[in-house]
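Numbering (the working numbering), first residue to last: 5 to 203.
Written as structure tokens, this is what we have:
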């Protein structure tokens, strides 16, 4: 199945999840609020990904299709998907276990850090992918990751200065948990411009 077809399936899944979440909003009690929220998240994320793929220029879609169908891309997905599955399961399991009360601080720390195993797996898969690709693709990947890291680092530095000046008030756990997702988001956006630069 090519990337275009997978993208269409993703759009369909997002639409179905959104419809179920909307029905749950119209008829409270039909499904639990947490499940409705989870379905809403899938609908928004999947719909956004589908929309981004539709709005991207043709050269970007062709590049993504090439990356998706390459041997390195297939190997990356094979290695990365189990790590992401482990991460998702660990997030839900650790949240449930912590919510139901664990008194031992070391045990609570170990359980809270469980999702990090999945992310470590994904990180290793990403490093292996970068080592497998040709020099041109490796240059794009490394530039994108480097620039994204600089942007996120600068954002957090400015945020810290604003926090010290009592201009903003962000809880530490919220600020810390958004570092990796922001890095991934910046990497995706920066990669578009880096790739366009080398067209």
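No residue lacks a Cβ here, since even glycine has one placed at the ideal position from N, Cα and C.
query: Buried or exposed: which applies to residue 114, given that a residue is buried once 16 or more other Cβ atoms fall within 10 Å of its Cβ?
result: exposed
Distance, residue 33 Cα to residue 160 Cα: 40 Å
- request: Measure the CB-CB distance between residue 179 and residue 163 and report whether it falls below 8 Å.
  value: yes
- prompt: How many whole angstroms separate the CB atoms of residue 47 and residue 28, which I take to be in contact at a CB cut-off of 8 Å?
  reply: In fact, because the Cβ distance is near 11 Å, the residues do not count as touching under 8 Å.
message: If I measure Cβ to Cβ from residue 83 and keep anything under 7 Å in the same chain, skipping five residues before and after, which residues do I get?
response: 129, 132
message: Tell me which residues share the same chain as residue 74 and place their Cβ nearer than 8 Å to its Cβ, disregarding the 5 neighbours each side in the sequence.
response: 137
query: Excluding sequence positions up to five away, which residues of its chain have a Cβ less than 8 Å from the Cβ of residue 44?
result: 21, 22, 25
query: So, helix, strand or coil for residue 203, using DSSP?
result: coil
- prompt: Does the count of Cβ pairs from the region 143-159 and the region 91-101 closer than 8 Å reach three?
  reply: no
task: Compute the distance between the beta-carbons of residue 67 and residue 122, then report whether it is under 8 Å.
output: no
message: What residue range does the alpha helix (DSSP H) around residue 12 cover?
response: 7-30
field: residue 183 burial status per 10 Å Cβ neighbour count (16 or more: buried)
entry: exposed
- request: Starting from the N-terminal side, write out each stretch of the beta strand (DSSP E) that is 3 residues or longer and does not extend beyond the region 77-140.
  value: none
query: Which value, in whole angstroms, describes the spacing of the CA atoms of residue 30 and residue 41?
result: 14 Å
task: State the start and end residues of the unbroken alpha helix (DSSP H) segment that holds residue 182.
output: Careful: residue 182 lies outside any alpha helix (DSSP H) and carries neither H nor E.
- prompt: Whose CA, out of 38, 54, 8, 7, lies closest to the CA of residue 15?
  reply: 54
Contact set for residue 95: own chain, Cβ-Cβ below 6 Å, skip 5 residues either direction: 119
query: alpha helix (DSSP H) containing residue 34: first to last residue?
result: That residue, residue 34, is in no alpha helix (DSSP H); it is neither H nor E in DSSP.
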